[in-house]
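Residue numbers (UniProt numbering): 1 to 111. By construction, the Cβ of each residue, glycine as well, lies at the ideal position given by its N, Cα and C atoms. For clarity, every value in this text was computed on a predicted model and none was experimentally measured. Presented below is the structure to which this report refers.
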């Protein structure tokens with residue numbers, strides 16, 4: 001059986017404004033939640049401000065996992081235990097994880 005090869009496919013359009021494909025391809029691989037390989041974005045929509053956290057490097061054709069928390073929670077309360085579980089580390093390093101918090105549910109939101 002042949003070994004696995006990592007293939008690189010340049011992006012036609014960057015996922016985030018202000019970044020080009022070369023910046024994204026040079027980023028490091030997915031790191032543990034305790035590390036700093038995550039970026040936070042606040043996105044204005046007609047329905048309110050969405051807080052988005054992206055963990056991992058969106059490069060090539062790396063698939064994305066999109067999460068949306070349960071009622072009354074945020075991404076940290078709902079998914080940290082799952083994504084920080086030891087067995088998940090091997091899986092999640094092959095994905096970009098995009099957490100979307102509902103308006104007003106992000107950490108530090110006014111009550």
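So if DSSP puts residue i in a beta bridge, which residue, or which two residues, is it bridged to?
i, result
"residue 94", "In DSSP, residue 94 forms no bridge with anything."
Helix, strand or coil for residue i, going by three-state DSSP, please let me know.
i, result
"residue 76", "helix"
"residue 39", "strand"
"residue 102", "coil"
From what residue to what residue does the beta strand (DSSP E) around residue i run?
i, result
"residue 86", "From DSSP, residue 86 is part of no beta strand (DSSP E); its letter is neither H nor E."
"residue 53", "48 to 55"
I believe residue i touches residue j by the beta-carbon criterion, under 8 Å. Please report the beta-carbon distance rounded to the nearest angstrom.
i, j, result
"residue 55", "residue 37", "6 Å"
Return the CA-CA distance between residue i and residue j, expressed in angstroms with no decimal places.
i, j, result
"residue 97", "residue 47", "23 Å"
"residue 79", "residue 91", "15 Å"
"residue 72", "residue 105", "7 Å"
"residue 114", "residue 58", "Summary: the structure shown does not reach residue 114, with the chain confined to residues 1 through 111, and so no result is reported for it."
"residue 43", "residue 86", "31 Å"
"residue 101", "residue 39", "14 Å"
"residue 50", "residue 41", "8 Å"
"residue 75", "residue 99", "6 Å"
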